[in-house]
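**Student:** Have a look at the structure that comes next, please.
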Amino acid sequence: MVRTERSDRWLECTTRFIPAHYQPASLIDLALGRGVNAHRLLQGTGLFHEDILTGNRLISPQQFLRMIENLQQQLQADDTSFLLGQQWLPGHYGAASHALSHAADLQDALERLVRLQPLLWPLLRLRLRVDERYIWLDWGDSFGADDQSIFLVEASMAAVTGMSQWLSGQRLPWTFHLAHAQPRHIEQYWVHLGEELRFASPLNQMCLPRSCLHHLWASASVTAGQVAEQEGLKMLMALPATCSLLDGLHDHLVAQVRQPLRLEGVAETFGMSPATLKRKLQKHGTGFQQQLDHARARVAMELYQSRGYSSDEVADYLNFNDRANFRRSLRRWTGLLPSELGNWLARY
Numbered sequence: 001m002v003r004t005e006r007s008d009r010w011l012e013c014t015t016r017f018i019p020a021h022y023q024p025a026s027l028i029d030l031a032l033g034r035g036v037n038a039h040r041l042l043q044g045t046g047l048f049h050e051d052i053l054t055g056n057r058l059i060s061p062q063q064f065l066r067m068i069e070n071l072q073q074q075l076q077a078d079d080t081s082f083l084l085g086q087q088w089l090p091g092h093y094g095a096a097s098h099a100l101s102h103a104a105d106l107q108d109a110l111e112r113l114v115r116l117q118p119l120l121w122p123l124l125r126l127r128l129r130v131d132e133r134y135i136w137l138d139w140g141d142s143f144g145a146d147d148q149s150i151f152l153v154e155a156s157m158a159a160v161t162g163m164s165q166w167l168s169g170q171r172l173p174w175t176f177h178l179a180h181a182q183p184r185h186i187e188q189y190w191v192h193l194g195e196e197l198r199f200a201s202p203l204n205q206m207c208l209p210r211s212c213l214h215h216l217w218a219s220a221s222v223t224a225g226q227v228a229e230q231e232g233l234k235m236l237m238a239l240p241a242t243c244s245l246l247d248g249l250h251d252h253l254v255a256q257v258r259q260p261l262r263l264e265g266v267a268e269t270f271g272m273s274p275a276t277l278k279r280k281l282q283k284h285g286t287g288f289q290q291q292l293d294h295a296r297a298r299v300a301m302e303l304y305q306s307r308g309y310s311s312d313e314v315a316d317y318l319n320f321n322d323r324a325n326f327r328r329s330l331r332r333w334t335g336l337l338p339s340e341l342g343n344w345l346a347r348y
């Protein structure tokens, strides 16, 4: 549901809330280590390297995404996103990183990662789902990543894979579902993620057997982790807002997906005019229908994957009376017709 206690305040792509000496500094260090000129890396961001070194400069997602775009242009190496992701978690972000480092087990770590997401992983949305057999991580776009989305998904999955391996002391049997087509640099996926890769998938997801959730991690200090999480939550509340506009909208649409959803009604819930909501979404490179499709895709995949629903049951749940309309809609959401999705699910 929408966070009504602060429903008029959201993190947007122009909100300066990301400490430049946190995740952006790792990107800069990696680039400098590979011979990229700092000025070119920061071109178009309004930043100078000296700004990063002050330790008190906040930047916006828009600036951070421009840095990533510059890095991709200046350093055309296939492993950049994966190497960067491995540095980002648990990271060196004060109490939030300490909370991850002292998680009791994988579930504890993932729940903290979701709760402290704007501090630990500010550019992408992460949602955790646990069913009878598996745990699922769903990744979504928080600020309009556009051309940087694949880079960020690669970095995100490498970050969680590396974090879980480091803290558990073993490589966990993750399966990776990626919405983009198989790239030419497939060997980098094998090296940094593993061989259980599913390209051209309906959503960007990571999947793991539920039995891996509660293996206790030897390095954990439960008390230190709990104290660090409370400090991290205080840091979160000190931000201009605790949730991005796109994340808040996504969660609201998912929660209300069985209801008739129109731009006008949702805008009223968010305390703004339809024109304002439309304008803000356009600023993030998206629109209301696109966000509604993302929400319906997520709910549909949960029904298929975790509840074992048939296509007819999914259509009924989402209040589609016209099966032809449902087939067309499902293809728009996931890229697959119901029969194709059924085959995909059976195969994986």
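Going by the UniProt record's numbering, the residue at position 285 of the sequence shown is 285; the numbering climbs one at a time, nothing skipped.
Each residue gets a CB set at the ideal place from its N, CA and C atoms; glycine is no exception.
#1: Once you ignore the five residues that flank Y22 on each side, which residues in its own chain have a CB closer than 6 Å to its CB?
#2: What are the start and end residues of the alpha helix (DSSP H) that includes M237?
#3: By DSSP's criteria, C207 is part of a beta bridge. Which residues make up the other side?
#4: Which term fits D138, buried or exposed, when burial requires 16 or more other beta carbons within 10 angstroms of its beta carbon?
#5: Please tell me whether D293 and W344 are closer than 8 Å, where the distance is taken between their beta carbons.
#6: Can you give me the Cβ contacts of A96 inside the same chain, cut-off strictly under 7 Å, excluding the 5 residues immediately before and after it?
#7: Candidates N37, V130, Q188: which alpha carbon is nearest S306's?
#8: Starting from R262 and walking both ways along the beta strand (DSSP E), at which residues does that stretch end?
#9: Going by beta carbon distance, what residues of the same chain come within less than 7 Å of A145, once the five residues before and after it are set aside?
#10: Relative to the alpha-carbon of A224, which residue among F82, S101, L75, R133 has its alpha-carbon at the smallest distance?
#11: I'd like to know whether the C-beta atoms of N319 and R258 end up nearer to each other than 8 Å.
#12: Taking the CB atoms as reference points, tell me whether L41 and Q74 lie closer together than 8 Å.
#13: I'd like the list of long-range same chain contacts for I150, defined as Cβ closer than 6 Å, with 5 residues on each side in sequence excluded.
#14: At 4 residues or longer, what runs of the alpha helix (DSSP H) sit wholly inside the UniProt domain "HTH araC/xylS-type" (247-344)?
#15: Pick out whichever of H284, G342, L261 has its Cα sitting closest to the Cα of S60.
#16: Let's see if you can read the secondary structure: which residues bound the alpha helix (DSSP H) around V114?
#17: So, using beta-carbon positions, are A38 and L32 closer together than 8 Å?
#18: Would you say the stretch 206-223 touches the stretch 172-190, given that touching needs at least three Cβ pairs under 8 Å?
#19: Is there at least one Cβ from chain D nearer than 8 Å to D108's Cβ?
#20: State yes or no: is the C-beta of S142 within less than 8 Å of the C-beta of S244?
#21: Which residues in the same chain as T15 place their Cβ atom closer than 8 Å to its Cβ, once the five residues preceding and following it in sequence are excluded?
#22: So if DSSP puts L197 in a beta bridge, which residue, or which two residues, is it bridged to?
#23: Round the Cβ separation of E154 and F82 to the nearest angstrom and send it over; I've been treating them as touching at under 8 Å.
#24: Among the residues of its own chain, which have a CB less than 8 Å from the CB of T4, if the five just before and after it don't count?
#25: Checking the sheet assignment: what are the DSSP bridge partners for P61?
#26: Over the uninterrupted beta strand (DSSP E) stretch that includes R129, give me the two end residues.
#27: Have a look at W136, V227, Y309 and flag the residue whose alpha-carbon is nearest the alpha-carbon of L106.
#28: Take S201 as the anchor and find which of Q290, E340, N325, P90 has the nearest alpha-carbon.
#29: Following the continuous alpha helix (DSSP H) through V153, name the residue where it begins and the one where it ends.
#30: Report all residues from its chain with a CB closer than 7 Å to the CB of Q148; omit the five preceding and five following residues, and keep chain order.
#31: Using only the alpha-carbon positions, how far apart do V191 and L27 sit?
#32: Tell whether a beta-carbon distance below 8 Å holds between H185 and D78.
#33: Determine the direct distance from the alpha carbon of Y304 to that of S311, and round the result to whole angstroms.
**Tutor:** By the coordinates alone:
#1: Y93
#2: 222-237
#3: W136, T175
#4: buried
#5: no
#6: L116, L119, L120, G232, M235
#7: V130
#8: Neither: R262 is in no beta strand (DSSP E) and is coded neither H nor E.
#9: L65, L123, L152
#10: S101
#11: yes
#12: yes
#13: H180
#14: 263-269, 274-283, 288-307, 311-317, 323-334
#15: H284
#16: 106-115
#17: yes
#18: yes
#19: Among the chains in the structure shown there is no chain D, since it carries only a single protein chain.
#20: yes
#21: S60, P61, P240, A241
#22: F176
#23: 6 Å
#24: Caution applies to T4, whose pLDDT of 39 falls short of 50 and renders its modelled position unreliable; the value that the coordinates give is listed next. Closer than 8 Å at the Cβ level, and outside the excluded window around T4, lies no residue.
#25: According to DSSP, which records beta bridges pairwise, P61 is partnered with nothing at all.
#26: 124-130
#27: W136
#28: E340
#29: 149-168
#30: L65, I68, E69
#31: 20 Å
#32: yes
#33: 8 Å
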